[in-house]
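Asker:
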Amino acid sequence: MSKWDRFKAVPMPKQPPEVRIHNFDEVALGYSEEQAIMEAERCLQCSNPQCIPGCPVGIDIPAFIKLLRKGEFREAIRKIKEKNSLPAICGRVCPQEDQCQKNCLLGRKGDPVQIGRLERFLADWELSHGVEIPEKSPSTGKRVAIIGAGPAGLTAAADLAKLGHEVVVFEALHEPGGVLMYGIPEFRLPKRIVKAEIDYVKKLGVNIKTDTLIGRLYTIPELLKDEGFNAVFIGTGAGPPIFMEIPGENLCGIYSANEFLIRVNLMKSYLFPKWDTPIKVGDRVAVIGAGNVAMDSSRCALRLGAKEVHIVYRRSRAEMPARKEEVENAEEEGVLFDFLTLPVAYHGDEKGWVKKMECIRMQLSEPDESGRRRPIPIKGSNFLMDVDTVIVAIGRRPNPLIQQTTPGLKVAKDGTIIVDENMRTNIEGVYAGGDIVTGEATVISAMGAGRRAAKSIHEYLMNLSR
Amino acid sequence: MYKIVEKRELAPKIKLLKIFAPEISKKAQPGQFVILRVDEVGERFPLTIADWDAHTGTITLIFLEVGVSTRKLGELKEGEAILNILGPLGNPTEVKNYGVVCVVGGGVGIAAAYPVARAFKEAGNRVVSIIGAKTAELLILEKEMMAFSDELYISTDDGSKGYKGFVSDVLKSLIQDGRKFDLVYAVGPTVMMRAVANVTKPHNIKTIVSLNPIMVDGIGMCGTCRVTVGGKTRFVCVDGPEFDAHEVDFEELIKRSMTFLPEEKLALEYWEANKKARG
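As they're listed, the protein sequences go chains A and B.
So for the first sequence, our numbering puts the first residue at 833; every next one is plus one.
So for the second sequence, our numbering puts the first residue at 6; every next one is plus one.
Here it is, written out as structure tokens:
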């Protein structure tokens, strides 16, 4: 093991790229006890810690790190779980570099404390040593319906159940977990981890009803009037994929990233034909976009046997929205990056399969409203790229069904639901949070919204006359 | 789990399942569908709800065994259960009194046409139904369609029953005979719906088709079922399943529905081989 250095993070053991591109097993292997304690030793235990304000769910980070380095793992995970019911998930997929670790004092001179890795270590330790179910408050007799079993809904459900409310989560898909199950690949977030943490939420007394689409089977007014719920939380997340609306986009071989990832992750088509859902990946794959979803898609495509995978992005490296870590992983695995390139049309064969992608070169000009330099097409720079599979990963719109079936619900122009600072919608007893309110964001920000909503719903319920 | 309370074979490879699904049975409307998953490793796939009964809490599904999923579904016995059923999905048929409505059902699509014909009839329309199949023994729901049709025409590809030819040929001759329709509603194989659209378009008869593309989640998340309608990309699962037939790009739909043909064949072979191995 390397020498301890206050300013250098203990490296995360990983599967080597040449091995991992042939399997769907987890890439990052996690710290050993020794490595975790070594990393925890680096924490300065600041008297005015800057990490806590960076955490959307407000975990007392220095406190859990202090317990960890004393080897008191049980106490340490308990400390995390006071604020976060899904730590094994967050430890893996939170963008810590933009949150808790961003303002770590050590980061000014060297590497910040690897808070996410430590969180993951403790959560994994607990999963293998037995998960503790905390004591719940006595039953309040109040019932809450949660729509969507993704990060926002599960967090709100766990918090409300702990407070003694009866919680039913309605999930449209056959598995709870939302994006954690259908979106994030196995090699980044193993599904057994997601299932274990959902199992914890269930053990808190939360009832999860799958195969139930609210808006069709029951509307929100029906939940409140006929089904006897006192409050509703909407956590329906992001839904329909956005396409570029360019010629040829409906040719065979062109997937939305959502379709591609749902097939691979939720339907396990990487195990086809053992699992029935097929997927088809050709030799030359283009992934449009450069966010985390694009990285996930490109890395899945490699593992499914693609010879060449290109990330095609209209801006440059500096503007990529994906986490640095994910970009590095993709590059290590051999994903190629075509910057300043924008698809303008697809050309297919007589059977309707995509064969060529027509692109135009871009250049960067003045910064736009997002603060990033605006890409502008270079006239006459069109060229053709051979492709047999295209994955469009340029984002998704909010799920529209609840908005369409809830009369009077206030909705913004972009289809997101409008809430106040307490996550209240304009309808009494109806709350919302996560991507359905913010548009596409992160797992942890949705969890933060779930927490805030739970607190607000609790106050509302306790003030209801009996 | 959704228990099968009744199972019948309507024709070779065409089966009817009555399934205990009380919540869906209370909410189902004509034109809507469900997404099923037969077992743990199964695909998600759509089937139109052919009938429902809120009193017994059952829904009825009718399907043709073609691929691995429908074969698995067809193997389930009374008393056994389907792992997942999600529904009702899709926008219901716009049921109102149009006047004279022609309901066209082809093959197993007659199962989807049936609740729509019934609803049109109950809404006061004069219902003229045309149903067809490859051959007489594959024709389903004749009696049921009769019960809610003022007139019923039958065609078979081989002429073994009714007119020899396609349902679209029957429709064409009715129109040529001067019959006036305020609405034509067609459901069946995509090529059949395209043929119906081609028949009605020159006469400017409003025509609705119920599309049945490949779907995965069925709730608007994946875009697998996208189709071009009036030059715009629409998702059949949430924007449909019914669209103006004269606006649908059927060529694209047919090509897209063949995306996974080799894989579907492989999956079926794999399943059959394993079934043999299991005995």
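Glycine included, C-beta positions come from ideal geometry on N, C-alpha and C.
Could you compute how far the alpha carbon of lysine 1156 of chain A sits from the alpha carbon of alanine 1162 of chain A?
Answerer: Locating residue 1156 of chain A in the first sequence gives position 324, where the first residue counts as 1. Locating residue 1162 of chain A in the first sequence gives position 330, where the first residue counts as 1. The straight-line gap from Cα to Cα measures roughly 10 Å.
Asker: On a CA-only basis, which of A/Cys926, A/Arg949 and A/Phe1065 is nearest phenylalanine 896 of chain A? Give me that one, please.
Answerer: Within the first sequence, numbered from 1, the residue matching residue 896 of chain A stands at position 64. With distances taken between Cα atoms, phenylalanine 896 of chain A lies closest to A/Arg949.
Asker: Spatial neighbours of valine 1096 of chain A within its chain, please: CB distance less than 7 Å, with the 5 preceding and 5 following residues excluded, ordered by chain position.
Answerer: As a first step, residue 1096 of chain A is located in the first sequence; it is residue number 264 there, counting from the start. Result list for valine 1096 of chain A: Pro1017, Tyr1102, Ile1111 and Cys1132, in chain order.
Asker: In whole angstroms, what separates the C-alpha of glycine 223 of chain B from that of aspartate 244 of chain B?
Answerer: Here residue 223 of chain B is taken as the residue at index 218 of the second sequence, counted from 1. Here residue 244 of chain B is taken as the residue at index 239 of the second sequence, counted from 1. So the alpha carbons of these two residues sit roughly 11 Å apart.
Asker: Flag glutamate 83 of chain B as yes if its beta-carbon sits less than 9 Å from any beta-carbon of chain A, otherwise no.
Answerer: Here the question's residue 83 of chain B lines up with position 78 in the second sequence. It does not; no Cβ of chain A falls within 9 Å.
Asker: Would leucine 1012 of chain A and glycine 982 of chain A qualify as a contact pair, given that the criterion is a beta-carbon distance under 9 Å?
Answerer: Locating residue 1012 of chain A in the first sequence gives position 180, counting from the first residue. Locating residue 982 of chain A in the first sequence gives position 150, counting from the first residue. In contact: leucine 1012 of chain A and glycine 982 of chain A (Cβ atoms closer than 9 Å).
Asker: Quick check: the segment 878-887 of chain A against the segment 1042-1053 of chain A, are at least 3 beta-carbon pairs closer than 8 Å?
Answerer: The segment 1042-1053 of chain A is not in contact with the segment 878-887 of chain A.
Asker: With DSSP as the reference, identify every bridge partner of histidine 1179 of chain A, one or two as the case may be.
Answerer: The count along the first sequence starts at 1 and reaches residue 1179 of chain A at position 347. Looking at the DSSP assignment, histidine 1179 of chain A forms a beta bridge with A/Lys1188.
Asker: Please report the Cβ distance between glycine 1123 of chain A and alanine 1278 of chain A, rounded to the nearest whole angstrom; I am assuming they are in contact, meaning their Cβ atoms lie under 8 Å.
Answerer: On the first sequence, residue 1123 of chain A is found 291 positions in, with the first residue counted as 1. On the first sequence, residue 1278 of chain A is found 446 positions in, with the first residue counted as 1. Not quite, the Cβ-Cβ distance comes to about 16 Å (not below 8 Å), so this is no contact.
Asker: Compare the beta carbon distance of arginine 1228 of chain A and asparagine 1090 of chain A with 9 Å and say whether it is the shorter of the two.
Answerer: Here residue 1228 of chain A corresponds to residue number 396 of the first sequence, with the count starting at 1. Here residue 1090 of chain A corresponds to residue number 258 of the first sequence, with the count starting at 1. Yes.
Asker: With a threshold of 16 other CB atoms inside 10 Å of the CB of arginine 283 of chain B, please say whether the residue is buried or exposed.
Answerer: The residue you call residue 283 of chain B lines up with position 278 of the second sequence. Exposed, since its Cβ has fewer than 16 Cβ neighbours within 10 Å.
Asker: One question on the structure: do proline 1209 of chain A and methionine 1189 of chain A come within less than 9 Å of each other, judged by their Cβ atoms?
Answerer: Against the first sequence, residue 1209 of chain A aligns to sequence position 377. Against the first sequence, residue 1189 of chain A aligns to sequence position 357. Cβ distance not < 9 Å, so proline 1209 of chain A and methionine 1189 of chain A don't count as in contact.
Asker: What three-state label does DSSP hand serine 215 of chain B in the structure shown?
Answerer: Along the second sequence, one-based indexing puts residue 215 of chain B at 210. Note: serine 215 of chain B maps to strand in three-state DSSP.
Asker: Which residues of chain B have a Cβ atom closer than 8 Å to the Cβ of histidine 809 of chain A, listed in chain order?
Answerer: In this structure chain A extends from 833 to 1298, so residue 809 of chain A is not present and cannot be described.
Asker: Would you please verify whether the beta carbon of tryptophan 836 of chain A is less than 9 Å from any beta carbon of chain B?
Answerer: For the purposes of this step, residue 836 of chain A is taken as residue 4 along the first sequence, with counting starting at 1. No, no contact with chain B.
Asker: Determine which residues of the segment 1074-1091 of chain A have a Cβ less than 9 Å from any Cβ of chain B, and write them out in chain order.
Answerer: Those residues of the segment 1074-1091 of chain A that come within reach of chain B (Cβ to Cβ, closer than 9 Å) are Phe1075, Glu1077, Glu1081, Asn1082, Leu1083, Cys1084, Gly1085, Tyr1087, Ser1088, Asn1090 and Glu1091.
Asker: Find the residues of chain B that neighbour leucine 995 of chain A, judging by a C-beta separation of less than 9 Å, and give them in chain order.
Answerer: By one-based count along the first sequence, residue 995 of chain A stands at place 163. Per Cβ cutoff of 9 Å: no residues; leucine 995 of chain A is ~28 Å from chain B at best.
Asker: Taking valine 933 of chain A as the reference, which of A/Leu1168, A/Arg874 and A/Glu1272 has the closest Cα?
Answerer: Here residue 933 of chain A refers to the residue found at position 101 when the first sequence is read from its first residue. Checking the displayed sequence, the identity of residue 933 of chain A turns out to be glutamine instead of valine. Looking at the Cα atoms, A/Arg874 is the closest of the given residues.
Asker: Under a Cβ-count criterion, where at least 16 other Cβ atoms within 10 Å of its own Cβ denotes burial, should leucine 1136 of chain A be classed as buried or exposed?
Answerer: Your numbering for residue 1136 of chain A matches position 304 in the first sequence. With 16 or more Cβ atoms within 10 Å of its Cβ, leucine 1136 of chain A is classed as buried.
Asker: I want to verify the contact list: residues of chain A whose CB lies under 8 Å from the CB of aspartate 249 of chain B, in sequence order.
Answerer: Taking the first residue of the second sequence as 1, we reach residue 249 of chain B at position 244. The premise fails here: aspartate 249 of chain B is roughly 18 Å from chain A at the closest Cβ pair, so nothing lies under 8 Å.
Asker: By DSSP's criteria, glycine 111 of chain B is part of a beta bridge. Which residues make up the other side?
Answerer: Taking the second sequence and counting its residues from 1, the one referred to as residue 111 of chain B is at position 106. According to DSSP, which records beta bridges pairwise, glycine 111 of chain B is partnered with B/Gly137.
Asker: Take serine 264 of chain B and list the residues in its own chain whose beta-carbon comes closer than 7 Å to its own, dropping the five residues that flank it on each side.
Answerer: Looking up residue 264 of chain B in the second sequence gives position 259. The question names serine, yet the displayed sequence has threonine at residue 264 of chain B. These residues qualify, in order along the chain: Ile219.
Asker: Could you check where the alpha helix (DSSP H) with arginine 790 of chain A kicks off and where it finishes?
Answerer: Outside the shown range of chain A, which is 833 to 1298, sits residue 790 of chain A, and nothing can be said about it.
Asker: Determine the contact status of glycine 114 of chain B and asparagine 217 of chain B, defining contact as a CB-CB distance below 9 Å.
Answerer: For the purposes of this step, residue 114 of chain B is taken as the residue at position 109 of the second sequence. For the purposes of this step, residue 217 of chain B is taken as the residue at position 212 of the second sequence. Cβ distance < 9 Å, so glycine 114 of chain B and asparagine 217 of chain B count as in contact.
Asker: If distances are taken between C-alpha atoms only, which option among A/Leu1172, A/Ile1052 and A/Lys994 comes closest to lysine 913 of chain A?
Answerer: As a position in the first sequence, residue 913 of chain A is number 81, starting the count at 1. Answer by Cα proximity: A/Lys994.
Asker: Does the separation of the CB atoms of glycine 62 of chain B and proline 97 of chain B fall below 9 Å?
Answerer: Reading the second sequence from its first residue, position 57 is the one you call residue 62 of chain B. Reading the second sequence from its first residue, position 92 is the one you call residue 97 of chain B. Contact flag unset, no.
Asker: I think aspartate 1043 of chain A touches leucine 91 of chain B, with their Cβ atoms under 8 Å apart; what is that distance to the nearest whole Å?
Answerer: As a working mapping, residue 1043 of chain A is identified with position 211 in the first sequence. As a working mapping, residue 91 of chain B is identified with position 86 in the second sequence. Correct: roughly 5 Å between the Cβ atoms.
Asker: Comparing alpha-carbon positions, which option in B/Leu69, B/Leu258, B/Asp249 and B/Val232 lies nearest arginine 13 of chain B?
Answerer: Numbered from its first residue, the second sequence carries residue 13 of chain B at position 8. It is B/Leu69 whose Cα lies nearest to the Cα of arginine 13 of chain B.
Asker: Does the Cβ of alanine 868 of chain A have 16 or more other Cβ atoms within 10 Å, making it buried, or fewer, making it exposed?
Answerer: Here residue 868 of chain A corresponds to residue number 36 of the first sequence, with the count starting at 1. It counts as buried.
Asker: Note down, one range per segment and in chain order, each alpha helix (DSSP H) of at least 4 residues found wholly within the segment 875-955 of chain A.
Answerer: Listed in chain order, they are 893-901, 905-913 and 919-925.
Asker: Going by DSSP, name the residue or residues bridged to lysine 846 of chain A.
Answerer: Here residue 846 of chain A refers to the residue found at position 14 of the first sequence. Answer by DSSP bridge pairing, in chain order: A/Ala860.
Asker: Relative to the alpha-carbon of asparagine 130 of chain B, which residue among B/Val189, B/Arg76, B/Val105 and B/Phe25 has its alpha-carbon at the smallest distance?
Answerer: Stepping through the second sequence from its first residue, residue 130 of chain B is reached at position 125. Nearest of B/Val189, B/Arg76, B/Val105 and B/Phe25 to asparagine 130 of chain B, Cα basis: B/Val105.
Asker: With histidine 1142 of chain A as the anchor, note down where its beta strand (DSSP E) starts and where it stops.
Answerer: Counting from one through the first sequence, the residue named residue 1142 of chain A turns up at place 310. Element bounds for histidine 1142 of chain A: 1140-1144.
Asker: Mind listing which residues of the segment 223-250 of chain B have their C-beta closer than 9 Å to chain A's C-betas, in chain order?
Answerer: For the segment 223-250 of chain B, which is checked against every Cβ of chain A, the residues closer than 9 Å are Gly223, Ile224, Gly225, Met226, Cys227, Gly228, Thr229, Arg231, Val232, Thr233, Lys237, Thr238, Phe240 and Val243.
Asker: With a threshold of 9 Å between beta carbons, is glycine 1233 of chain A in contact with chain B?
Answerer: Here residue 1233 of chain A corresponds to residue number 401 of the first sequence, with the count starting at 1. It is leucine, not glycine, that sits at residue 1233 of chain A in the sequence shown. For leucine 1233 of chain A, the answer is yes, since a Cβ of chain B falls inside 9 Å of its Cβ.
Asker: Under a Cβ-count criterion, where at least 16 other Cβ atoms within 10 Å of its own Cβ denotes burial, should histidine 208 of chain B be classed as buried or exposed?
Answerer: Along the second sequence, read from residue 1 onward, the residue named residue 208 of chain B stands at position 203. With fewer than 16 Cβ atoms within 10 Å of its Cβ, histidine 208 of chain B is classed as exposed.
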